[in-house]
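In this note's numbering, the protein residues as written are 1038 to 1739. Glycine included, every Cβ here is placed at the ideal spot set by N, Cα and C. The next block holds one structure in the form of structure tokens; read it before the comments.
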DNA sequence: AGAGTGGGCCTTTTT
DNA sequence: GGCCCACTCT
């Protein structure tokens, strides 16, 4: 004990690595030098391993500022840094930990001139970006009515994908927007105009944060060597979800010391639609020739029964590092596969099971329903409301994305950067009688002034409603310019004409005003405008402050979530609903083998969220206005029949293959069941429809 | 030019 | 349930 006090820095806890980690984890923590790929299966203690690795580095005398820890979400960054601090019992101030975007932002502020911006550049979110592209469309006089033309939002998605995937625009069109292929030249012009506008507005969008830094590092060896020289250890989380640019950043930033440890699970790569490239992780060993590969396959989360379903399904994927999760938990019930007559019955079943589980002591908050697409939850929501089962829909609108919060932020952004065109548009459009066209015209003139103070003095040669709107907006800015505290600025705007606007426009104006007061309270933590704006742009919610606010009303609620949003989370009981072909996997994601493999990974993510109980359900009726029937998801057919319990619902019709059914041109098989819900003897027992014989046989013999 | 209304369509989402 | 589009009226 005494040696510890002497050898460890003041206040630092001594960590017993051998005792607190399993052998797989310990190996990574002790031997993670050089280029390392850590394949961390679901529930294998990934975060634990990373945090211990960081703690170990610090224990070894590595200085915090020499460590760079990259994550995808703010939540992950916060959690990891908090856990490292808890482990060490001391602060990790100085450590570079954060999202790719926030780290890029931090670096770019210091090199702004080198990337054609000033140090106070504005960060545009997706909506700002879309508005700006809309302006480009107007400016270029693109005829968007003559034929089907992509909306500003669609163009934003296209150019964003193109940048993140490092692909020419044509390739993106060919692959995902074939009907716009002939518009490539026009879209290129819109894109170029968008680039110019961002530069003129001293603004960058989210993609620019990554791209500008990547290009800076690639083109300026002096900058690269300086930064890479600083980062002796680079760690990247969720590496399976990195895109081309992020992979470049990891490589460039670790180029001096070559201590790069990436952690991820190729089996959980589910974000290709936003340009994540699974090849980054699959080819890591080749890209980094000397790389070591570690595998974390001991699963602490799920029962062996749940894991055998997960293992069986993911084994069907071709492009992967083969691995099998090993259970340490005790055996329990087999997962249930449940065909219901229709969506209503499926919802009823889920609701009944939830209540039954609650009766067995599983709190509602420890249960979740997962689905492929957000609107798949509809029937279930009706059912839960009918029964007064409290639920929480994950992923509503983020606080900083709410219109009224963004309106206020736009005012503050202009104080910081009067060239910010997207903010001008937003503020001006709030004035009665000023629409998009007039706002663009006024913004154009207002931005000509070097300082906001000069602009608000000018009358801009406007007439009528436009002049009135401008005077009103300028009046607000005159008062704002006298303020220095972000919180005061927020209260000032919220108390003025904006308040009347909210009252006039929204029935829930009082709620919105409450939000704005909350926002002001949050802002009190900041005393300079630039750092406040950065926080608002790059953070999803107001961190720890928020958790406290919700504490009082911690209600026992079931969670409803898309599978994507459920990644990284876990519950005692998980229901995966709508597991029908065309729904999950989604119809539009079945075009290629790679797409189906990603859908399968998504299913794998869903299954591995469950700790003890898993229910896989689907409705047989394809819709309320059709006699067509769903086939089970192909993923259900991949589960060995004896790995699950096939539940036949009471009064539920029993599916059989109709002897009269014919295979239609589109390959769909018609299945019928008898009207009374009586079991009809299968006509072709043991038949192998579509390779799913095992599964169907299981149903028939139930 | 702007504001209001009805109808059809839905992948997935973080920064 | 919500969003975008087309259409209509002021």
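Who pairs with residue i in a beta bridge, going by DSSP?
i            : result
residue 1655 : 1376
residue 1359 : Answer by DSSP bridge pairing: none, since residue 1359 is not bridged.
residue 1073 : 1298, 1329
residue 1408 : 1599
residue 1650 : 1610
residue 1669 : 1617
residue 1683 : 1374
residue 1240 : 1159
residue 1068 : The partner list for residue 1068 (beta bridge, DSSP) is empty, contrary to what the question assumes.
residue 1428 : 1595
residue 1273 : 1107, 1299
So, for residue i: in the same chain, excluding its five sequence neighbours on each side, which residues have a beta-carbon less than 8 Å away from its beta-carbon?
i            : result
residue 1369 : 1340, 1342, 1649, 1650
residue 1160 : 1142, 1240, 1241, 1242, 1243, 1246, 1570, 1571, 1574, 1575
residue 1235 : 1161, 1169, 1241, 1242, 1245
residue 1260 : 1148, 1151, 1253, 1254
residue 1144 : 1250, 1264
residue 1505 : 1468, 1470
residue 1218 : 1207, 1210, 1211
residue 1173 : 1227, 1230, 1231, 1234
residue 1306 : 1277, 1278, 1313, 1315, 1318, 1635, 1638
residue 1164 : 1438, 1443
To which residues of the same chain is residue i closer than 7 Å at the C-beta, ignoring the five residues directly before and after it?
i            : result
residue 1225 : 1206
residue 1446 : 1573
residue 1713 : Low confidence applies to residue 1713: its pLDDT is 29, below 50, so where it sits in the model is not reliable, and the reading given next is rough at best. No residues qualify anywhere along the chain.
residue 1094 : 1104, 1270
residue 1327 : 1071, 1072
residue 1113 : 1274
residue 1592 : 1427
residue 1293 : 1262, 1265, 1266
residue 1064 : 1331
Taking the C-alpha atoms as reference points, what is the distance between residue i and residue j?
i            : j            : result
residue 1333 : residue 1603 : 21 Å
residue 1600 : residue 1381 : 21 Å
residue 1149 : residue 1156 : 5 Å
residue 1507 : residue 1465 : 7 Å
residue 1502 : residue 1469 : 8 Å
residue 1005 : residue 1543 : Nothing can be reported for residue 1005, as the shown portion of the chain is limited to 1038 through 1739.
residue 1539 : residue 1548 : 10 Å
residue 1519 : residue 1175 : 35 Å
residue 1335 : residue 1061 : 8 Å
residue 1352 : residue 1541 : 58 Å
residue 1262 : residue 1272 : 18 Å
residue 1546 : residue 1509 : 21 Å
residue 1366 : residue 1080 : 11 Å
residue 1477 : residue 1451 : 15 Å
residue 1319 : residue 1099 : 30 Å
residue 1126 : residue 1092 : 10 Å
residue 1196 : residue 1171 : 13 Å
Can you name, in chain order, every residue of its own chain whose Cβ lies under 6 Å from the Cβ of residue i, other than the five neighbours on each side?
i            : result
residue 1626 : 1632, 1636
residue 1437 : 1573
residue 1499 : 1507
residue 1198 : 1209, 1312
residue 1414 : 1408, 1597
residue 1676 : 1346, 1349
residue 1309 : 1635
residue 1684 : 1373, 1375
residue 1284 : 1317
Thinking residue i and residue j are a contact (beta carbons under 8 Å), I'd like their distance in whole angstroms, please.
i            : j            : result
residue 1484 : residue 1458 : 6 Å
residue 1073 : residue 1359 : About 19 Å separates the two Cβ atoms, so there is no contact after all.
residue 1375 : residue 1673 : Incorrect: roughly 10 Å between the Cβ atoms, too far for contact.
residue 1558 : residue 1536 : With a Cβ gap of about 17 Å, residue 1558 and residue 1536 do not count as contacting.
residue 1493 : residue 1511 : 4 Å
residue 1448 : residue 1552 : Residue 1448 to residue 1552, Cβ: 15 Å. No contact.
residue 1652 : residue 1390 : 6 Å
residue 1613 : residue 1643 : 5 Å
* If we count Cβ pairs, one from each stretch, closer than 8 Å, do we get three or more for the region 1344-1354 versus the region 1381-1390? -> They do not touch, by the three-pair rule.
Original post:
Is the number of C-beta pairs between the region 1075-1091 and the region 1114-1121 that are closer than 8 Å three or more?
Top reply: Result yes; three or more Cβ-Cβ pairs closer than 8 Å.
Q: Report yes or no: do the region 1272-1280 and the region 1311-1329 share at least 3 C-beta pairs separated by less than 8 Å?
A: Yes, the region 1272-1280 touches the region 1311-1329.
Fill in: the region 1556-1566 touching the region 1510-1526, judged by at least three CB pairs closer than 8 Å
Here the region 1556-1566 makes contact with the region 1510-1526; the two share three or more CB pairs at distances below 8 Å.
contact_flag[the region 1062-1076, the region 1294-1304] where n(CB pairs < 8 Å) is 3 or more: With contact defined as three or more Cβ pairs closer than 8 Å, the region 1062-1076 and the region 1294-1304 are in contact.
### Message
Under 8 Å: do the region 1127-1136 and the region 1097-1113 share three or more Cβ pairs, one atom per stretch?
### Response
They touch, by the three-pair rule.
> Taking three-plus beta-carbon pairs below 8 Å as touching, is the region 1400-1411 in contact with the region 1604-1624?
Replying inline: Yes, the region 1400-1411 touches the region 1604-1624.
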